[in-house]
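For the sequence shown, the residue numbers in the numbering used here are 35 to 649.
Even glycine gets a Cβ: it sits at the ideal position worked out from N, Cα and C.
The structure presented is a predicted model; accordingly, all values stated were derived computationally and were not measured.
Right, one structure below, let's go through it.
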Amino acid sequence: MPTTQASRIALIGSPNSGKSLLFNRLTGLNQKVANFPGITVNIASGQSLDNKAVQYLDFPGVYSLQAISGEEKVAVEAFTSALQDNLLDAVVCVVDITRLEKGLIFALQVLETCHRHNIPVLIAANMLDVLDQHGMQFDCSGLSKALRVSVLPLSAKTGAGLEQVSQSLADATVPPEKFQSDIIASDDSVNHLHAQELAEKYGPKGDLLINTQTQLDSFFLHSWLGGLSFLAIMYLLFQSIFTWAAPAMDGVEASIQWLASVVLPLVPAGVASDFVSDALFGGLGAFLVFVPQIFVLTMVVGMLEDSGYLARAAVICHKPLRFFGLTGKSFIPMLSGVACAIPGIYAARTVESTRKRWLTYLAIPLMPCSARLPVYSLIIAAFIPAQKAMGGLIGWQGLAMFGIYLFGILCALLVTAVVSRSNAELRTDLPFVLEMPPYRLPSWRPLIINAWNRSKHFVTKAGKVIFAVTLVIWVLGYFPNYGASLGDSWLGTMGQWIEPIFAPFGLDWRYGVAILSSFLAREVFVGTLGTMFGIEGAEENFTSLAQQIQDSGLPLGAGAALLVFFAIALQCVSTLAVLQRETGSWRLPVQLFISYSIFAYTAALLVFHLVELLV
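Listed below in structure tokens is the structure:
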């Protein structure tokens, strides 16, 4: 296949084969790398670094062209449609050399399908670095002759062999006619037998990799050691949000204060100066301080994904999740919801059972997503001292963060348990089958770049909404008295109307306005509150928003009520829209919005009175 003219090349492979990492290497886009199904939900595309006329398409990972899950069906239909519409000039099928038999089962299907559409195929035999590390080899030329297509050994992690991709694609040929055999296409056992024979004859010899994985699984999947290690890892995840991000947060806050001291003297006194000070530095600045925590959260979750641990965590969680009406496969989209509910909802396509998928939809909005993180961090920083215990191993703020995250998860499980037990059909279950990916050290560069891109996307997406809301809040709070009294402003007048709603759990009208504005997006709460405190404290030096909340005299019970309210309430328009798209109806999104709002208000009210009673 010539690669000097414009061409479109599809990358397709099973999950855990390193396909997306190879795509990153070939295009430089640093697309998200996944270790299990449910991560890649869109077809990424990018120009080749070596030849701008070549465009690579990264299709979602699938185990078979005979789709089972909803996400596999989407990917397979997209791939076959691209073949039928003559949109592809070649296909690169990525297989994991260390699991050659599994990869060849899928590769044989791809070869047969591409033959029918007269499309050249290149087999990319990935994980060459793992074989080199263990002194193992495989017969690449023998496998190529047996399949009668080009087979290129490479390592997407180290880049070994990538310089030969262009030439190998130029030499790629259409698979031979024998892969169109009816018996191979119709009898899956024959396909598996053929892949087994090829793997035994040409694949790496020895069981070193299997033994290593078995030894680690004996610990991480142990009946009680596995559960304890899971809890310890999850605690370290949430503890790291404060511990690792603290220096960067201090740096961002100091930078904002320095920038304000430089910019404000240059702005003419009056309305313009007050807007820059209150809305930009007070509102947007208060939100930006918490972005390093989004980076750390994404980084740590990415480490767990790429190491192969999260598939084990799904197995560990399967038995307890069954008690709440869910399945181990629900763990993957639920954990994706810790970063953002939207990819978590998309990832729920991997749950084969329609009923279990529906229950998973109920749980995901209650997962402690990154949009809640700035709110949690702000309230915790205002009430919990930044002190440590046990020689610095435990930080009280990190422990509080772990507690509120655990509370959100328990609420999700409580909801699914109640709903599943109220409907007998939802208690039916399918066998739980999940592939155990090999343990691997994460590739750090893609992890860091992905965390950076995620943080940047979070800022650009939420920043637009926050700026718009901040602008409205500042105008309403500044006029008609030009910031002389926030309580006598238009915003103050409106706030008095809604204050009775939130007064029962110790919040004045300022927090009520911030809560209502956050129904557009949870992050808006921080920017709105920062703007209002900025207007009130216009004559004061810049201080952190957490310090301003402390100085405002907010009761501890009210702070706890705020945390509980945000842990439960469904304050995300985008999540509601995606739920409607996935379910094909507004019924479930509307039901969740109303019921979770009532649940959040009731729980916040109870927590306020309980804390005030104890304190």
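C-alpha gap between residue i and residue j, whole angstroms
i, j, result
"LEU262", "ARG182", "50 angstroms"
"LEU613", "TRP392", "10 angstroms"
"LEU255", "TYR343", "10 angstroms"
"GLY193", "PHE513", "60 angstroms"
"LEU412", "LEU447", "26 angstroms"
"GLY62", "LEU83", "7 angstroms"
"GLN327", "MET435", "12 angstroms"
"ASP340", "LEU648", "44 angstroms"
"ILE532", "PHE642", "19 angstroms"
"TRP278", "MET333", "11 angstroms"
"VAL493", "ALA266", "30 angstroms"
"LYS363", "CYS445", "19 angstroms"
"LEU626", "PRO476", "37 angstroms"
"LEU563", "LEU520", "12 angstroms"
"ARG488", "ALA180", "43 angstroms"
"PRO1", "ALA303", "Limits of the chain in this structure are 35 at one end and 649 at the other, which puts residue 1 out of reach."
"PHE93", "GLU197", "22 angstroms"
"ALA502", "PRO623", "25 angstroms"
"GLY95", "CYS127", "11 angstroms"
"SER79", "VAL335", "24 angstroms"
"THR609", "ARG544", "26 angstroms"
"SER552", "GLN89", "41 angstroms"
"ILE366", "MET337", "15 angstroms"
"GLN167", "LYS86", "34 angstroms"
"LEU400", "LEU314", "31 angstroms"
Range covered by the alpha helix (DSSP H) that runs through residue i
i, result
"ASN487", "478-512"
"VAL449", "430-455"
"ALA294", "280-297"
"LEU177", "174-181"
"TYR516", "Segment: none, TYR516 is in no alpha helix (DSSP H) and carries neither H nor E."
"SER404", "No alpha helix (DSSP H) holds SER404; DSSP gives it neither H nor E."
"ILE139", "134-150"
"VAL372", "362-373"
"ALA320", "319-322"
"TYR635", "621-648"
Exposed unless 16 or more other CB atoms sit within 10 angstroms - verdict on residue i
i, result
"ILE398", "buried"
"GLU106", "buried"
"ASP284", "exposed"
"GLY529", "buried"
"LEU510", "buried"
"GLU287", "buried"
"ASN484", "buried"
"ASP312", "buried"
"ARG621", "exposed"
"ILE43", "buried"
"LEU644", "exposed"
"LEU640", "exposed"
"PRO408", "buried"
Sequence-distant residues of the same chain with beta carbon closer than 6 angstroms to residue i, five excluded per side
i, result
"GLU646", "GLY591"
"ILE583", "ALA416"
"PRO154", "MET35, ALA124, ALA206, THR207, VAL208"
"ILE507", "THR562, THR565"
"PRO210", "ARG182"
"VAL323", "MET283, VAL286, GLU287"
"ALA595", "PHE539, ALA638, VAL641, PHE642"
Beta-carbon proximity list for residue i, same chain, < 7 angstroms, skipping 5 on both sides
i, result
"PHE213", "Annotation note: pLDDT 49 at PHE213 (below 50); position unreliable, coordinate value reported separately. Only LEU142, LEU145, GLU146, HIS149 meet the Cβ criterion."
"GLN230", "GLU135"
"ALA233", "LEU134, GLU135, LEU138"
"CYS174", "ALA159, VAL185, PRO187"
"ALA580", "LEU412, ALA415, ALA416"
"PRO419", "TRP430"
"ALA548", "PHE559, THR562, LEU563"
Test: residue i CB closer than 9 angstroms to a CB of chain B
i, result
"ILE632", "Any reference to chain B falls outside this structure, which holds one protein chain only."
For residue i, the first and last residue of its enclosing beta strand (DSSP E)
i, result
"SER184", "184-187"
"GLY521", "Careful: GLY521 lies outside any beta strand (DSSP E) and carries neither H nor E."
"ASP340", "Counting along the chain, ASP340 falls outside any beta strand (DSSP E), though it belongs to the alpha helix (DSSP H) covering 325-341."
"ILE43", "41-47"
"LEU156", "155-160"
"VAL80", "According to the sequence displayed, residue 80 carries Gly and not Val. Start and end: 78-81."
"LEU91", "88-92"
Residue i: CB within 8 angstroms of a non-hydrogen atom of the ligand MG
i, result
"LYS191", "The model on display carries no ligand, and the ligand MG is accordingly not part of it."
Sequence-distant residues of the same chain with beta carbon closer than 8 angstroms to residue i, five excluded per side
i, result
"ILE482", "MET333"
"TYR516", "VAL305, ASP308"
"LEU396", "ALA446, VAL449, THR450, VAL453, LEU626"
Closer than 8 angstroms is the cut-off here; do at least three beta carbon pairs connect the segment 556-563 with the segment 597-611?
In short, these stretches touch, since the Cβ pair count reaches three.
Would you be able to state if there are at least three C-beta pairs under 8 angstroms between the segment 159-177 and the segment 49-65?
yes
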